[in-house]
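So the sequence shown is numbered by full-length UniProt numbering: it starts at 1 and just counts up by one. Structure, as structure tokens:
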Amino acid sequence: MSTFENRDGTALLVVDVQNDVVGGAHRRDEVVARIGDLVDRARAAGTPVVWVQHSDEGMAEGSEEWRIVPELVPGEGEPVVQKHYGDSFEATDLEDVLAAAGVDHLVVTGAETDACIRSTIHGAFTRGYDVTLVGDAHTAGDKSAWGAPPVADVIAHTNLYWQFQGAPGRRAAVVEAGEVVFDG
Numbered sequence: 001m002s003t004f005e006n007r008d009g010t011a012l013l014v015v016d017v018q019n020d021v022v023g024g025a026h027r028r029d030e031v032v033a034r035i036g037d038l039v040d041r042a043r044a045a046g047t048p049v050v051w052v053q054h055s056d057e058g059m060a061e062g063s064e065e066w067r068i069v070p071e072l073v074p075g076e077g078e079p080v081v082q083k084h085y086g087d088s089f090e091a092t093d094l095e096d097v098l099a100a101a102g103v104d105h106l107v108v109t110g111a112e113t114d115a116c117i118r119s120t121i122h123g124a125f126t127r128g129y130d131v132t133l134v135g136d137a138h139t140a141g142d143k144s145a146w147g148a149p150p151v152a153d154v155i156a157h158t159n160l161y162w163q164f165q166g167a168p169g170r171r172a173a174v175v176e177a178g179e180v181v182f183d184g
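Below is the structure:
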């Protein structure tokens, strides 16, 4: 559906699955494994996989903390978008990458649920994309020491509200990793 004309493609977006970002994340290994399976399935179907990699003062570009986790390796020719803000579209070339691939629907995975995932799904939606959040393939670190709810509750809340997101000409959805179908 989306608001784009002459675009009807889907892309898998892998956001910030980096050593420092997911090092202590809730159910890290399970989430990374699900993302790995989604990446394999997307590639097999010919669906573009787009990687997003965050850097800032605390996570310098090129550092070990900044690197994508060793279990996930961007494939030859797969774009890796560098970002400095929560929304993966803000001051990046993500829109150009997606436009060149004819993408109007994003399947979103990664970290952190309560920061870059939330910013990116909203950013994509307001820019006209259909957005599917993979409900069991995003995670975050524990921020309860600063008053945040437990991570499992943050994930559940994000999944709950996103399935009811709406806007003219756009669709939002939440599906489990096993239910994602890539058709090229």
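Heads up, the beta-carbon is just placed ideally off N, CA and C, and yes, glycines get one too.
From this set, Ser-63, Ile-68, Leu-98 and Asp-40, which residue's C-alpha is nearest Asn-6's C-alpha?
Per the Cα distances, Leu-98.
Option nearest Asp-142 by Cα separation, candidates Val-134, Ala-25, Trp-66 and Glu-78
Closest option to Asp-142, Cα to Cα, is Ala-25.
Straight-line Cα distance separating His-138 from Val-154
Their Cα atoms are separated by approximately 11 Å.
Boundaries (first-last residue) of the beta strand (DSSP E) holding His-105:
Taken as a continuous stretch (DSSP letters only), the beta strand (DSSP E) holding His-105 covers 103-111.
Kindly confirm or deny that the region 68-85 and the region 37-57 touch, where touching means at least three C-beta pairs closer than 8 Å.
By the Cβ test, the region 68-85 is in contact with the region 37-57, since at least three Cβ pairs between them sit closer than 8 Å.
Can we say the region 26-35 touches the region 116-129, given the rule of at least three CB pairs closer than 8 Å?
Cβ pair count under 8 Å is below three, so no.
Host beta strand (DSSP E) of Asp-37 (start-end)
Unbroken run through Asp-37 is the alpha helix (DSSP H), 28-45; no beta strand (DSSP E).
Taking the DSSP output, what are the residues bridged to Lys-83?
Partner residues in the beta bridge of Lys-83, as assigned by DSSP, are His-54.
Looking only at DSSP bridge pairs, what is His-122 linked to?
Per DSSP, none; premise fails for His-122.
Any beta-carbon of chain E closer than 9 Å to the one on Gln-82?
In summary, chain E is missing from the structure at hand, where a single protein chain is found.
Alpha carbon of Asp-37 to alpha carbon of Cys-116, nearest angstrom:
Separation of Asp-37 and Cys-116 (C-alpha to C-alpha, rounded to the nearest whole angstrom) is 21 Å.
State buried or exposed for Trp-146, treating a residue as buried only when at least 16 other CB atoms are found within 10 Å of its CB.
So Trp-146 counts as exposed.
Three-state secondary structure (DSSP) at Thr-92?
Thr-92 carries a coil assignment under DSSP once its states are collapsed to helix, strand and coil.
Measuring alpha carbon to alpha carbon, tell me which residue in Leu-12, Asp-8 and Met-1 is nearest Leu-106.
The shortest C-alpha separation from Leu-106 is found at Leu-12.
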